[in-house]
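According to my numbering, the sequence shown is numbered sequentially starting from 1487.
Presented below is the structure to which this report refers.
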Amino acid sequence: MAAPHVLETLSPGMLILVGGNRAVRVSPELASNFRPGDTLGVVDSTGELLLIPAAERTAAESTVSRAVDAFERMRLVTDAQITDFFEVFARRLGEASTWTEIQTANLADVADAKRRGRSTTRLEATERLRENVIVGLKSWAAASSQRGHVLETVTHDGWRVDLVSAPLGVVGFVFEGRPNVVADATGVLRGGNTVVFRIGRDALGTARAILQHALTPALTESGLPEGAVGLVDSSSHAAGWALFSDPRLSLAAARGSGEAVATLGGLARKAGIPTSLHGTGGAWLVAGRTAPADRFELAVANSLDRKVCNTLNTCCIPASVAETLVPAFLRGLEKAGARREQPYKLHVVYGSEQFVPDELFARTVAIARAEGTSLEPQAERLHEQQLGKEWEWEESPEVTLRVVDDVHEAVELFNRYSPKFVASLISDDPEEKEHFFHAINAPFVGDDLTRWVDGQFALGKPELGLSNWERGRLFGRGGILAGDSVFTVRTRAHRG
């Protein structure tokens, strides 16, 4: 077999093979920027050609190398040492001097993000965030280790076979500007794994401060290998592309915008790395024919306390009860907006306008966007094909309404247009609720507010992210990725 040719230059118009039977032409800009030592990332599903500069690839590869070495040494680390790591990490975050350093870095990150018109609702290192991170770390300190846990035993005549859980390896993690995820990602250490992450520019300074003043000292004090947690210290998207192209990763986990996560997932799959993708969000709330108006109103209001992936995004109400429930829905929106001292924003699918007061379409309100305040109609019409669009609102709650014939139609619309993530049905009819659960193609199904979908809240453990079913159901695990769900299984035979 001939040795592969290493590309040192690209030519405009040059054909690059994509997906085995298609080709994409190299653009003049890509050809001009490509240098010897650079790498070309190819996403088969979209035909994207991504330039990965040599410096970004080297930074990712060296960090992964340290994590691979650390993983080998983690075999000799005791469970007590891992517990110490989480306890020391939590203690350091609780120290005023440490938190002052982190907040100083975070204030600079927030100011920079605002200058660039970026959302900062999940970027700010608030006291509430600090408390939640400390609670999460303490829960990992108290958690039992999965290393060496016998999952199942099959007994034969004179011998037996044990299925034993074991550490998986190096977890690569790319996420958006949320400083708390730096701490959440360390949960994989509980099972003896190591982690390398790349964080977006928005929170990079905060991440550096967390590592310098709390995380790395906790590794040292507990005797864990320094490379057990590594940061690819770059603000370039190419650093994430390089990380997810490294086949030494045992798992590639990404969370952020749908498009960016799809690109990262495509690169990881091409490199043969299992993926856990946490991209497009937005929960759906459906009213049943017996839904109590007061309970429906509360579910709407309580599903819009802030914008995260499990926030209410799309609401479906049957026409037969619209006269009662659309006003309840609007009251819920009013309550959610009033909490933030903001008006709400409503998108109404064409054909449902008759159920919404005309004045909402005529009224102009000030909507708080990441890039600044925008004067907009409070209600606007929307094409049905956009039902799955996730509204990334800043301060003004933003939701889509579709009046449907019945719950069956709502389920069909969800399965056709949504990212297949969170679905909740408000109903007093047990039969209707059972039908909804079995018919809806979603990993998370409830019967009240949508915001229950959270690893810490629902399972009592910090999550690395939540997976939708936009690209198919998940193999062998649930939609909440947490530290103790990152493991492999060894098979051991015993005589006697």
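Glycine included, every Cβ here is placed at the ideal spot set by N, Cα and C.
Since we're looking at a predicted model, the values are computed, not measured.
Identity of the residues DSSP links to residue i by a beta bridge
i: residue 1724; result: The partner list for residue 1724 (beta bridge, DSSP) is empty, contrary to what the question assumes.
i: residue 1645; result: 1642 and 1981
i: residue 1994; result: What is shown of the chain runs 1487 to 1982, which leaves residue 1994 out entirely.
i: residue 1804; result: 1890
i: residue 1912; result: 1773
i: residue 1635; result: For residue 1635, which the question treats as bridged, DSSP gives no partner whatsoever.
i: residue 1502; result: 1510
i: residue 1737; result: 1657
i: residue 1831; result: 1884
i: residue 1930; result: 1908
Contact under 8 Å by Cβ, residue i with residue j
i: residue 1883; j: residue 1822; result: yes
i: residue 1747; j: residue 1768; result: no
i: residue 1834; j: residue 1790; result: no
i: residue 1836; j: residue 1874; result: no
i: residue 1552; j: residue 1716; result: yes
i: residue 1691; j: residue 1968; result: no
i: residue 1857; j: residue 1655; result: no
i: residue 1596; j: residue 1610; result: yes
i: residue 1514; j: residue 1524; result: no
i: residue 1889; j: residue 1953; result: no
i: residue 1900; j: residue 1930; result: no
i: residue 1496; j: residue 1516; result: yes
i: residue 1580; j: residue 1942; result: no
i: residue 1970; j: residue 1576; result: no
i: residue 1658; j: residue 1738; result: yes
i: residue 1913; j: residue 1919; result: yes
i: residue 1528; j: residue 1504; result: yes
i: residue 1772; j: residue 1802; result: yes
i: residue 1700; j: residue 1584; result: yes
i: residue 1976; j: residue 1650; result: yes
i: residue 1818; j: residue 1893; result: no
i: residue 1877; j: residue 1796; result: no
i: residue 1688; j: residue 1950; result: no
i: residue 1978; j: residue 1648; result: yes
i: residue 1849; j: residue 1554; result: no
i: residue 1541; j: residue 1713; result: no
i: residue 1653; j: residue 1560; result: yes
i: residue 1820; j: residue 1830; result: yes
Rounded C-alpha distance that separates residue i from residue j
i: residue 1665; j: residue 1578; result: 16 Å
i: residue 1640; j: residue 1646; result: 6 Å
i: residue 1536; j: residue 1732; result: 15 Å
i: residue 1624; j: residue 1948; result: 10 Å
i: residue 1825; j: residue 1793; result: 13 Å
i: residue 1638; j: residue 1678; result: 20 Å
i: residue 1983; j: residue 1696; result: Outside the modelled stretch of the chain, which goes from 1487 to 1982, sits residue 1983, for which no answer is possible.
i: residue 1847; j: residue 1805; result: 20 Å
i: residue 1962; j: residue 1631; result: 20 Å
i: residue 1599; j: residue 1607; result: 11 Å
i: residue 1964; j: residue 1944; result: 13 Å
i: residue 1852; j: residue 1905; result: 29 Å
i: residue 1898; j: residue 1927; result: 9 Å
i: residue 1558; j: residue 1868; result: 54 Å
i: residue 1710; j: residue 1721; result: 27 Å
i: residue 1634; j: residue 1676; result: 12 Å
i: residue 1973; j: residue 1736; result: 10 Å
i: residue 1501; j: residue 1745; result: 24 Å
i: residue 1787; j: residue 1832; result: 14 Å
i: residue 1757; j: residue 1693; result: 27 Å
i: residue 1759; j: residue 1866; result: 43 Å
i: residue 1506; j: residue 1723; result: 26 Å
i: residue 1592; j: residue 1934; result: 35 Å
i: residue 1891; j: residue 1840; result: 14 Å
Cβ-based neighbour list, residue i, same chain, cut-off 7 Å, excluding 5 preceding and 5 following
i: residue 1499; result: 1511 and 1512
i: residue 1828; result: 1854, 1881 and 1882
i: residue 1779; result: 1810, 1811 and 1814
i: residue 1861; result: 1850 and 1852
i: residue 1519; result: 1537
Beta-carbon proximity list for residue i, same chain, < 6 Å, skipping 5 on both sides
i: residue 1627; result: 1569, 1572 and 1573
i: residue 1751; result: 1761 and 1763
i: residue 1740; result: 1660, 1747, 1750 and 1763
i: residue 1718; result: 1545, 1546, 1549, 1684, 1725 and 1729
i: residue 1662; result: 1686 and 1742
i: residue 1981; result: 1645
i: residue 1667; result: 1661
Contacting residues, own chain, Cβ-Cβ under 8 Å from residue i (five flanking each side not counted)
i: residue 1703; result: 1574 and 1578
i: residue 1871; result: 1903
Any non-hydrogen atom of the ligand HEM closer than 7 Å to residue i Cβ
i: residue 1758; result: Looking for the ligand HEM in the displayed structure turns up nothing, as the structure carries no ligands at all.
Touching by the beta-carbon criterion (3+ pairs, under 8 Å), the region 1614-1623 and the region 1952-1963
With a cut-off of 8 Å, the region 1952-1963 and the region 1614-1623 do not count as touching, because too few Cβ pairs lie within range.
Take every Cβ of the region 1778-1794, pair it with every Cβ of the region 1807-1817, and state whether three or more of those distances are shorter than 8 Å.
In the pairwise beta carbon analysis, the region 1778-1794 is classified as touching the region 1807-1817: at least three pairs are separated by under 8 Å.
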